[in-house]
Structures are given as structure tokens and as C-alpha cells.
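Peer 1:
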Amino acid sequence: MPKFGVHSFVFIGEWNTDSGNYAIEQAAQAGYEFIEVPMLKPAEFDADSHRAALKRAGIYATCSLALPRHLHMPQHPDEARTFLVQALNAVEALGSQYLGGCIAYSLGVLTGVPPTTAERETVAQVLRDVAAEARARGITLALEPCNRYETYLYNTLEDTRETILAVGVDNLKLHADTYHMNIEEEGFYNPIVRTADVLDYVHMSESHRGLLGSGTVNWGEVWRGLADAKFSGYLVLESFAAINPDLAAATCLWRPPRQSGDVLARAALTFLKQGAAAHQLQ
Numbered sequence: 027m028p029k030f031g032v033h034s035f036v037f038i039g040e041w042n043t044d045s046g047n048y049a050i051e052q053a054a055q056a057g058y059e060f061i062e063v064p065m066l067k068p069a070e071f072d073a074d075s076h077r078a079a080l081k082r083a084g085i086y087a088t089c090s091l092a093l094p095r096h097l098h099m100p101q102h103p104d105e106a107r108t109f110l111v112q113a114l115n116a117v118e119a120l121g122s123q124y125l126g127g128c129i130a131y132s133l134g135v136l137t138g139v140p141p142t143t144a145e146r147e148t149v150a151q152v153l154r155d156v157a158a159e160a161r162a163r164g165i166t167l168a169l170e171p172c173n174r175y176e177t178y179l180y181n182t183l184e185d186t187r188e189t190i191l192a193v194g195v196d197n198l199k200l201h202a203d204t205y206h207m208n209i210e211e212e213g214f215y216n217p218i219v220r221t222a223d224v225l226d227y228v229h230m231s232e233s234h235r236g237l238l239g240s241g242t243v244n245w246g247e248v249w250r251g252l253a254d255a256k257f258s259g260y261l262v263l264e265s266f267a268a269i270n271p272d273l274a275a276a277t278c279l280w281r282p283p284r285q286s287g288d289v290l291a292r293a294a295l296t297f298l299k300q301g302a303a304a305h306q307l308q
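Sequential numbering from 27 applies to the sequence shown in this note's numbering.
1) Which runs of the beta strand (DSSP E) fall wholly inside the stretch 89-171 and span at least 3 residues, in chain order?
2) Taking the alpha-carbon of Leu19 as reference, which of Gln300, Val224, Leu179 has the nearest alpha-carbon?
3) Give the straight-line distance between the Cα atoms of Thr137 and Pro100, rounded to the nearest whole angstrom.
4) Tell me where the alpha helix (DSSP H) around Met230 begins and ends.
5) Keeping to the same chain, check which residues put their C-beta closer than 7 Å to that of Tyr178; ignore five residues upstream and five downstream.
6) Please report the Cβ distance between Ile218 and Gly251, rounded to the nearest whole angstrom; I am assuming they are in contact, meaning their Cβ atoms lie under 8 Å.
7) Is Ile85 helix, strand or coil when you go by DSSP?
8) Roughly how many whole angstroms lie between the Cα atoms of Trp245 and Gly239?
9) When DSSP labels each residue in this structure, what does Lys29 get in the three-state scheme?
10) If we count the other Cβ atoms within 10 Å of its Cβ and call it buried at 16 or more, is Gly164 buried or exposed?
11) Please determine, among Asp74, Gly57, Gly31, Tyr58, the residue with the shortest C-alpha to C-alpha distance to Asn42.
12) Assess contact between the stretch 178-188 and the stretch 141-159, defined as three or more Cβ pairs (one per stretch) separated by less than 8 Å. Is contact present?
13) For Tyr295, which of helix, strand or coil comes out of DSSP?
14) Determine the contact status of Glu170 and Gly126, defining contact as a CB-CB distance below 8 Å.
15) Going by other Cβ atoms of all chains shown within 10 Å of its Cβ, with 16 needed for buried, is Lys199 buried or exposed?
16) Measuring alpha carbon to alpha carbon, tell me which residue in Leu66, Ser45, Tyr124 is nearest Phe60.
17) Hey, would you say Tyr260 sits closer than 8 Å to Tyr215, going by beta carbons?
18) Which of the three DSSP states, helix, strand or coil, is assigned to His305?
19) Suppose contacts are defined by Cβ-Cβ distances below 8 Å. Is Leu93 in contact with Ser122 by that definition?
20) Three-state secondary structure (DSSP) at Tyr205?
21) Roughly how many angstroms separate the alpha carbons of Leu91 and Leu110, rounded to a whole number?
22) Could you give the distance in angstroms between the alpha-carbon of His201 and the alpha-carbon of His229?
23) Below 7 Å CB to CB, which residues in the same chain sit around Val152 once its five sequence neighbours on both sides are set aside?
24) Taking the alpha-carbon of Phe266 as reference, which of Ala87, Ser231, Arg292 has the nearest alpha-carbon?
So, in C-alpha cells, the structure goes:
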């Protein structure tokens, strides 16, 4: 059976000590097993407070990030490596064992041309080093492709899988996102099945980033693909009920969903559990 989680931005627009602990409490009250924590500023992350909050709430955390603009990995590999190791230290201090997201690039950095072989080789080299650091801490990494308007580097699941296989370690996985798939993929079923060997984490996100099932994502194909891929990893509601300026700029999300975070979270958990049960995800 997959594990069900919720991104903290469903409840809050910016992570700090107080808002983060509030989001942890809300995720637990909504019935989720875990919360996805944005590890965007690891140097400012209050791991001790959040670890205690997770214990009180009875849930655990995964973490995610996008590299800062000035640390886009193909252009600044050494600096990106240093930042990711700092993030791993914060993930470990939190008691988490997972770091996914845009760990190889910065959202919004576009070169005007497709990715080069050299750029992707640089990414593979750096991620190989970071994966070794992650392994020493018992942490799994996951690389997420995003749509062409947010990055040029990785847009499809199969492209991303190629780099994961090139890195050649078992603690680097594929992080999919149905919002980005809805833009970039030729359907949902085939990309999921073709990358089943590395797929471990999925942002379950609607085409408008709001209520699951109310947009244009073909959820029937998603569930069939996950079932045939024998998926047993992490399924995470990603929506942005509260928007901060940095998030809005990175995602070009200028209006919030129609529903509150609590409504989105509770409705999504029902949607996810029903879908998983109906397709016999074990």
C-alpha cells in the first residue's frame, strides 16, 4: 500500500518555526501519515522544534527543495553540492529519510536552448557525490522533472530516469508530479509504467493546483499506471492554498485555489485512498 502525505504549502505559504509546526499539526489532524517539508533554507531550519512537533503529532516527514537561482547545478556545481549537503544535514537532524524535488536545478532558470549533454553529465556527477553523502545519513534522494516553462533541464519522466540510471545508485529515485505530467507527457499511463523501476514519489496535483478530480488530469490513467507499475511509494497531495511571493514567482501561480487548505487536504485524502483501494495498490 502506498504512503499518503501532504505538502505543507497546502496549509501555509511560508515555512518558519511557528508556521511549520502549525502545518505539521494540521497534516496530522487531516489524517495524513506524513508531511512534505520545504527544505528551501536549510541554514535557518529549526530541526529540533519541528522534530518535536512531528513526534507530538504522530506523523513523519519527507523533505523537498528547489535549488536557489544562484545555485543552478549545471552552472554552479560545486556550490550546489555544498548547499545540498547542508540540506542533508538538516534533513537528518529532522529525523527524515527523504529529500526530493528539484534537487538539480533552479526553477525559472531558462537558457533558451535544450539541455546539453555536458549539463546533464555535470548533474550526474554532482548527484553521485550527494547520493553518497545521503547514503551515509540513511537518506533517499528523488529527482523531479518540471514543465518547460519552469525548467529546460528535465521535463519528462523518461528523461529524468536516464540521469538516475547514469548516476547508478539505489538511493536516487524518480519524483513525478501529475501537474507537470499534464503539460509534458503523452498521457499518464505509459510514462508511469515505463519508469516503474525508479519511480518512488508522486505529487498528486490537479491541473489547476486545486481540488483533486476537478481539473483535466486523467486520474483513471494515473491510477492504472500506478497499479501496473506495482507502485508502493509515496503519494503526496501538492496544492498551494497559501501563496508567498517567492512561491508565486517560481510557479507562476497568481491565484489560490477556491477551497481552503483544510478542505483540500481532507477531500484529497479520501480521493487518494479510494483510488488506491479501487486499483488494488498493495
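Even for Gly, the Cβ is constructed at its ideal location relative to N, Cα and C.
Peer 2: In short:
1) 124-128, 166-169
2) The requested residue 19 is not part of the displayed model; the chain covers only 27 to 308.
3) As a first step, residue 137 must be located in the sequence shown, where it is residue number 111. As a first step, residue 100 must be located in the sequence shown, where it is residue number 74. Cα to Cα, Thr137 sits roughly 11 Å from Pro100.
4) For the purposes of this step, residue 230 is identified with residue 204 of the sequence shown, where counting begins at 1. Premise fails: Met230 lies in the beta strand (DSSP E), 225-230, not in any alpha helix (DSSP H).
5) Stepping through the sequence shown from its first residue, residue 178 is reached at position 152. Around Tyr178: Leu136, Thr137, Pro140, Pro141.
6) In the sequence shown, counting from the first residue as 1, residue 218 sits at position 192. In the sequence shown, counting from the first residue as 1, residue 251 sits at position 225. Indeed, because the Cβ distance is near 3 Å, the residues count as touching under 8 Å.
7) On the sequence shown, position 59 is the one that residue 85 refers to. Three-state result, Ile85: coil.
8) Taking the sequence shown and counting its residues from 1, one reaches residue 245 at position 219. Taking the sequence shown and counting its residues from 1, one reaches residue 239 at position 213. Cα to Cα, Trp245 sits roughly 7 Å from Gly239.
9) Against the sequence shown, residue 29 aligns to sequence position 3. Reduced to three states, the DSSP call for Lys29 is strand.
10) For this step, residue 164 is matched to residue 138 along the sequence shown. Exposed is the call here.
11) Along the sequence shown, one-based indexing puts residue 42 at 16. For Asn42, the nearest C-alpha among the options comes from Asp74.
12) yes
13) In the sequence shown, residue 295 corresponds to position 269, counting from 1. Looking at the sequence provided, one finds Leu at residue 295 rather than Tyr. Three-state result, Leu295: helix.
14) Walking along the sequence shown from the start, residue 170 turns up at place 144. Walking along the sequence shown from the start, residue 126 turns up at place 100. The answer is yes: Cβ separation under 8 Å.
15) Taking the first residue of the sequence shown as 1, we reach residue 199 at position 173. With 16 or more other Cβ atoms within 10 Å, it is buried.
16) The residue you call residue 60 lines up with position 34 of the sequence shown. When each option's Cα is compared against that of Phe60, the closest is Tyr124.
17) Here residue 260 is taken as the residue at index 234 of the sequence shown, counted from 1. Here residue 215 is taken as the residue at index 189 of the sequence shown, counted from 1. No, they are not a contact pair.
18) On the sequence shown, position 279 is the one that residue 305 refers to. Note: His305 maps to coil in three-state DSSP.
19) Taking the first residue of the sequence shown as position 1, residue 93 is located at position 67. Taking the first residue of the sequence shown as position 1, residue 122 is located at position 96. No. Outside cutoff.
20) The residue labelled residue 205 in the question sits at position 179 within the sequence shown. Helix, per DSSP.
21) Along the sequence shown, one-based indexing puts residue 91 at 65. Along the sequence shown, one-based indexing puts residue 110 at 84. So the alpha carbons of these two residues sit roughly 9 Å apart.
22) Residue 201 sits at position 175 when you count from the first residue of the sequence shown. Residue 229 sits at position 203 when you count from the first residue of the sequence shown. Whole-angstrom Cα-Cα distance: 8 Å.
23) If you number the sequence shown from 1, residue 152 lands on position 126. Result list for Val152: Met99, Pro103, Ala106, Arg107, in chain order.
24) Position 240 of the sequence shown, counted from the first residue, corresponds to residue 266. Of Ala87, Ser231, Arg292, the residue nearest in Cα terms is Ser231.
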